[in-house]
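**Student:**
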Amino acid sequence: MYFAAEVLASSSTLKQKWEDEVRKSVAKVADQKPEHLWSTVSDLKIKRLYGPDDIKDMDFEQDISYPGQFPYLRGNQATGYRGKYWTFRMFSGMGDAKTTNERWHMLLKEGQTGLSTAFDFPTLMGYDTDSPKARGECGKCGVAIDTLEDFMQLVEGIPMDKVTTSMTINPPATALWAMYCAAAEIRGIPLTKIGGTIQNDMLKEFIAQKTLMCPPDPSVKLISDTVEFGTKFVPRWNTISISGYHIREAGATAVQELAFTLRDGMEYVEDVIRRKGLDVDEFAPRLSFFFNSHIDFFEEIAKLRAARRIWATAMRDRYQAKDQRSWWMRFHTQTAGCSLTAQQPYNNVVRTATEALAAVLGGTQSLHTNSLDEVLCLPSDHAVQIALRTQQIIAEETGAANTIDPLAGSYFVEALTNEMEEKAWEYIHKIDEMGGMVAAIEKGFPQLEISDAAYLYQRQVDANEKIMIGVNKYVTAEATPIPLIEIDDAVETAQVARLQAVKRKRDGKAVKKALDDIKSACKKGENVMPYCIEAVKSLASVQEICDVYREVYGEYRDPGLY
Amino acid sequence: MERVKRIKAGDVRTASRLIRNLEDGMIEARSTIKHIFPLTGRANVLGITGSPGAGKSTLVDGLVESFRKKEKTVGVLAVDPTSPFTGGAILGDRIRMQRHAEDPGVFVRSLATRGALGGLAKAVGDAIHILDVMGKDMIIVETVGTGQQEVDIINHSHTVIVVLIPGMGDEIQAIKAGIMEIADIFVINKADREGSSKLRREIMAMLDMAPPTAFAAGWRPPIIRVENAFEPEGFNKSLEELSSTIEKHYQHLVKHDLIGSRIRRKAVMELNEAIRTCILEPVLNRLIADGETETMIEKLINKETDPYTLAEDVAKRYLKDLNL
Amino acid sequence: MSDKKIRVMVAKPGLDGHDRGARVLARCFRDAGFEVIYTGCHQTPEQIASAAIQEDVDVVGLSCLSGAHRYLFPAVAKLLKEQGADDITVVGGGIIPEQDFQLLYDAGLKAIFVPGATLASIVDWFNTNVQPRA
């Protein structure tokens with residue numbers, strides 16, 4: 045029991061008094077809105093006040109404890125942010141490799157501490173720029189990478205043994221990670237020295253983001269290949285970033301984001317154990333997570349705290365992990381793109397700052413802050429700088445990093461954390477009953493839950509039950525002009541020419557052999573990573589490698605659940 | 009007639025507009041059908057039905073692929089339910105078939121049940137004629153097998169395929185009575201799932217109960233297992249089996265001179281539908297427009313008279329030669 | 059009795075899979091009494107135009123968040139025109155900067171909806187500007 049009996053008794057008396065007072069006041073002046081509208085952005089009902097009785101059943105040692113101790117509710121590191129702030133990691137990429145490389149150097153100069161790569165859609169989907177499917181997309185919302193030549197240009201002058209690099213890449217993750225490994229080798233940096241993350245989380249693609257290539261089972265197999273390869277040869281690399289971000293952006297509630305993401309994580313753990321025969325403690329410490337930080341301040345903090353506790357419990361009790369590093373949930377956070385508005389875009393700075401502060405109070409290890417213009421186009425240099433400065437202000441001016449998990453012990457925050465955890469477990473158990481996440485996805489379960497939530501939210505916005513300033517309240521007629529950047533359509537022509545030049549000069553026979561080797565590895569169920577590294581060195585393109593997967597494993601098309 | 013000529017030439021725009029006009033119940037569209045009807049009877053019509061979530065659309069998509077490999081042209085009519093609350097509908101079957109969108113040998117059209125006064129079966133029957141005259145070799149009609157309307161639709165086809173999936177509880181009971189009896193082929197879809205052999209036994213038991221006369225010329229409906237669509241190799245193999253079973257069934261109909269019975273079944277349906285459209289609907293519409301329907305309902309509520317007396321009275325006025 | 063309904067195709071051209079808006083709109087149109095054909099993600103302009111004609115829709119709503127709308131939206135409008143179907147209304151939505159609006163209108167689009175457009179305002183626009191054809 046969290047409180048002594050006499051504390052609870054006195055609380056109960058005082059609470060009675062307070063409730064009477066509230067009743068009297070409300071009878072005189074009614075609340076501004078009805079009871080059910082005092083809720084989180086995810087529609088979780090919030091009480092007027094929380095007190096000792098809301099957390100009386102907690103066990104201090106079991107449920108709260110200290111940073112660096114099970115269940116890690118208060119953080120993985122004993123030292124908090126005093127040893128090191130979170131990594132300031134701004135997601136960026138646009139146009140060709142050269143342009144993105146320039147933005148990277150600018151960001152490092154401005155005090156960013158980690159790199160994060162946005163690829164364009166053809167690259168994300170495993171198509172080359174000259175594919176008919178890629179028309180109009182080149183460089184539009186990320187950098188276009190076709191072959192290792194582009195990649196070498198992307199990392200030009202970047203200290204690959206010092207800066208960690210995150211790559212948001214999913215179906216073609218093996219090909220792009222192979223390029224990073226090959227680039228390091230070519231520059232004489234051993235694989236044991238490079239660090240970073242590939243997103244490489246296909247389950248959330250089926251659930252939410254729809255960057256699709258092969259069916260779920262072989263997709264998970266390729267992911268397990270990377271986990272195995274990383275465990276053995278690239279020990280500083282996070283080979284999966286299990287992502288709730290996109291699930292949330294697709295319209296999920298905070299609880300759904302939490303539950304589906306953690307259940308995805310469990311699915312990967314189970315697959316690697318089953319398929320690769322690795323011991324859970326061999327690879328689990330390199331699993332990382334990626335969450336959204338939405339606009340509802342306390343809900344987000346509670347979600348991130350609950351995530352750590354659920355993961356630690358699952359890893360210890362469900363998978364019998366022994367190493368405490370396996371129990372740690374390490375995660376990157378990005379502020380919510382879907383909370384930003386095209387109307388009155390400067391308001392987005394405030395939203396992002398609030399969301400970033402929630403992520404920090406939730407104990408994130410790494411953070412991307414959105415730029416104010418991202419709802420309109422690719423961010424401009426100036427907007428990116430404001431976003432980065434937002435993090436720096438939170439870290440160095442606000443005092444938020446002074447002490448660890450400052451909201452622990454708050455009646456409200458602890459109660460909300462408990463509630464999120466409970467509701468997340470309900471979902472997790474439901475998915476267990478369906479036979480796991482792959483089976484649940486085949487049934488369309490998480491997809492339809494998210495659709496329902498997204499539609500409900502939109503109708504609440506339409507009905508002014510959920511407020512978006514500038515959209516359904518305090519609307520102004522005049523537009524705020526902001527400078528936008530645009531990717532010239534000529535980038536596509538130049539990139540196609542570059543790809544064709546590479547194809548002309550490379551050794552066609554070597555490429556064919558390398559691709560055949562990948563194909564036979566796929567068929568035999570061998571790990572594809574070593575073959576991918578050889579293939580990218582022979583200048584095989586991203587699409588050529590992905591076409592092998594499509595041929596062997598079949599192509600998965602969007603089932604279009606709505 | 010220019011329109012008929014264009015449809016015969018395979019003009020998609022004309023055909024799809026005509027189907028739209030038929031769905032909308034436009035009387036002038038009927039006259040085109042009058043010209044089309046004599047030209048029909050060439051296509052093989054498949055009816056595919058089963059409960060929601062049985063994976064029918066994915067199966068249809070696979071069948072389209074396998075027919076195209078055999079160089080047959082295909083028309084698909086996919087029926088989805090209209091929301092009884094809003095009158096709107098999301099017609100989602102097409103999503104699974106979009107890879108064929110650019111293939112001129114494939115025509116896919118989605119229809120909503122709409123629900124008013126039946127009539128859907130008629131629109132589908134007419135749409136089959138249109139696709140037939142467009143020159144489609146195979147016409148697939150896909151519908152949820154849970155209502156009488158859908159049973160009527162399925163009656164338009166030569167071969168009826170009922171799709172079931174394991175693990176959905178009492179799957180057989182969920183299918184509308186009348187569908188199980190007209191199945192020519194059963195498909196156990198997603199057959200890698202648990203409960204597949206139990207489902208198979210249930211279908212077998214049901215077939216065992218049927219009298220031998222139920223199986224025309226000895227065609228006992230075969231049960232085909234279709235593998236999970238996520239496993240392309242097994243799925244494609246299953247589809248080959250299914251498509252050859254469809255072919256065998258068609259040969260069976262031809263060989264035993266049974267195709268006539270199917271054509272007859274369709275003719276009965278169409279005649280009934282047409283009579284309803286040409287007689288019942290105008291009468292009902294007139295009664296509504298004149299406000300007479302309301303008056304009659306009032307009388308019934310007040311027990312001033314009974315429904316039969318009222319209906320006989322209407323019949324006497326509108327159907328002069330009927331001896332009542 | 060004639061029973062006409064607006065038929066809408068909600069389509070996602072290009073490689074972008076962000077389908078939240080498209081799916082919310084599909085449901086919203088159903089609830090507004092329209093018949094909605096949803097194509098799913100990753101459609102080429104050719105697939106969309108061809109499907110729109112087969113389905114005889116009154117309006118095609120295109121959704122794109124990747125920035126490729128400058129190519130994809132005009133491509134759909136052009137294909138419809140080439141196939142004699144420019145009576146099908148084409149509208150678009152997504153992350154579309156205002157500076158691109160004119161280019162899209164010039165290509166034949168009749169309306170652009172950007173983040174913040176309410177469902178009600180979109181349905182209103184459809185009810186006012188789209189007639190179920192005869």
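Protein chains in written order, with the working numbering: chain A, 45 to 606; chain B, 9 to 332; chain C, 59 to 192. A virtual CB, placed ideally from N, CA and C, is assigned to each residue, including glycine.
(1) Taking C-beta pairs closer than 9 Å, name the residues in chain B that residue 194 (chain C) reaches, listed in chain order.
(2) Please determine if the segment 201 to 208 of chain B and the segment 273 to 285 of chain B are in contact, where contact requires at least 3 C-beta pairs separated by less than 8 Å.
(3) Helix, strand or coil, according to DSSP, for residue 279 (chain A) in the structure here?
(4) Using a Cβ-Cβ cut-off of 6 Å (strictly less than) and excluding sequence neighbours within five positions of residue 143 (chain C), which residues of its own chain qualify?
(5) Between which residues of its own chain and residue 308 (chain B) is the CB-CB distance below 8 Å, once the five residues before and five after are set aside?
(6) Return the chain-ordered list of same chain residues with a C-beta closer than 7 Å to the C-beta of residue 259 (chain A), the five sequence neighbours on each side being excluded.
(7) May I ask you to report which of helix, strand or coil DSSP gives residue 125 (chain B)?
(8) Going by the DSSP bridge assignment, what does residue 101 (chain C) pair with across the sheet?
(9) Closest by CA to residue 118 (chain A), which one among A:396, A:292 and A:347?
(10) Specify whether the segment 128 to 148 of chain A and the segment 74 to 82 of chain A touch according to this definition: at least 3 beta carbon pairs, one from each stretch, less than 8 Å apart.
(11) Using beta-carbon positions only, say whether residue 13 (chain B) and residue 81 (chain B) come within less than 7 Å of one another.
(12) Give the residues of chain D in contact with residue 170 (chain C), contact being defined as C-beta atoms less than 8 Å apart.
(13) State the DSSP-derived secondary structure class of residue 205 (chain B), mapped to helix, strand or coil.
(14) Give, in chain order, every unbroken run of the beta strand (DSSP E) that is at least 3 residues long and sits entirely within the segment 32 to 70 of chain B.
(15) Using a Cβ-Cβ distance under 7 Å, would residue 74 (chain C) count as near chain B?
(16) Is residue 60 (chain C) close to chain B, meaning its C-beta is less than 7 Å from at least one C-beta of that chain?
(17) DSSP state of residue 113 (chain A), grouped into three classes?
(18) Leaving out the 5 sequence neighbours to the left and right, which residues in its chain are closer than 7 Å to residue 226 (chain B) when beta-carbon positions are compared?
(19) Taking 7 Å as the threshold (beta carbon to beta carbon), is residue 107 (chain C) in contact with chain A?
(20) From residue 500 (chain A) to residue 506 (chain A), what does the alpha carbon distance come to, in whole angstroms?
(21) Can you tell me whether DSSP reads residue 94 (chain B) as helix, strand or coil?
(22) Using the C-alpha atoms, what's the distance from residue 290 (chain A) back to residue 124 (chain B)?
(23) How would you write the range of the beta strand (DSSP E) that residue 104 (chain A) sits in, first residue to last?
(24) Please compile the residues from chain C whose C-beta is within a distance smaller than 9 Å of the C-beta of residue 385 (chain A).
(25) Could you tell me the alpha carbon to alpha carbon distance between residue 96 (chain B) and residue 122 (chain B), rounded to whole angstroms?
(26) Kindly say whether residue 155 (chain C), judged by its beta-carbon, lies nearer than 7 Å to any beta-carbon of chain A.
(27) Name, please, each residue of chain C whose Cβ falls closer than 9 Å to the Cβ of residue 172 (chain A).
(28) Of all the residues that make up the segment 497 to 529 of chain A, which are near chain C by a beta-carbon distance shorter than 8 Å?
(29) So is residue 99 (chain C) in contact with chain A if we call contact Cβ pairs under 7 Å?
(30) Assign residue 336 (chain A) to one of three DSSP states: helix, strand, or coil.
(31) By alpha-carbon positions, which one of B:300, B:328, B:294 and B:192 ends up nearest to residue 266 (chain B)?
(32) If you draw a straight line from the alpha carbon of residue 73 (chain C) to that of residue 48 (chain A), how long is it in whole angstroms?
(33) When the Cα atoms are used, what is the spatial distance from residue 138 (chain C) to residue 110 (chain B)?
(34) Quick one, which residues of the segment 234 to 253 of chain B are near chain A if we go by CB-CB under 7 Å, in chain order?
(35) For chain A, find out if any of its Cβ atoms is closer than 7 Å to the Cβ of residue 103 (chain B); answer yes or no.
(36) Quick one: does residue 124 (chain C) have its CB under 7 Å from some CB of chain A?
**Tutor:** According to the data block:
(1) A query on residue 194 (chain C) cannot be resolved here, the shown segment of chain C reaching from 59 to 192 and no further.
(2) no
(3) coil
(4) 111
(5) 314, 315 and 318
(6) 597, 598 and 600
(7) Its pLDDT being 49, under 50, residue 125 (chain B) is placed unreliably by the model, and the measurement read from it follows with that caveat. Reduced to three states, the DSSP call for residue 125 (chain B) is coil.
(8) C:71
(9) A:347
(10) no
(11) no
(12) No chain D appears in the structure shown, which is made up of the protein chains A, B and C.
(13) helix
(14) 52 to 58
(15) no
(16) Residue placement at residue 60 (chain C) is flagged as unreliable, the pLDDT there being 48, under the threshold of 50; the coordinate-derived value follows with that caveat. Cβ-Cβ to chain B under 7 Å: yes for residue 60 (chain C).
(17) coil
(18) none
(19) no
(20) 10 Å
(21) coil
(22) Confidence at residue 124 (chain B) is low in this model, with a pLDDT of 49, below 50, so the placement of that residue is unreliable and no value is reported for it.
(23) Taken as a continuous stretch (DSSP letters only), residue 104 (chain A) belongs to no beta strand (DSSP E), as it is neither H nor E.
(24) 173 and 174
(25) 8 Å
(26) yes
(27) Within chain C, no residue comes near residue 172 (chain A); the closest Cβ sits about 12 Å away, beyond 9 Å.
(28) 498, 499, 502, 503, 505, 506, 512, 514, 515, 516, 523 and 528
(29) yes
(30) strand
(31) B:192
(32) 59 Å
(33) 13 Å
(34) 238 and 240
(35) yes
(36) yes
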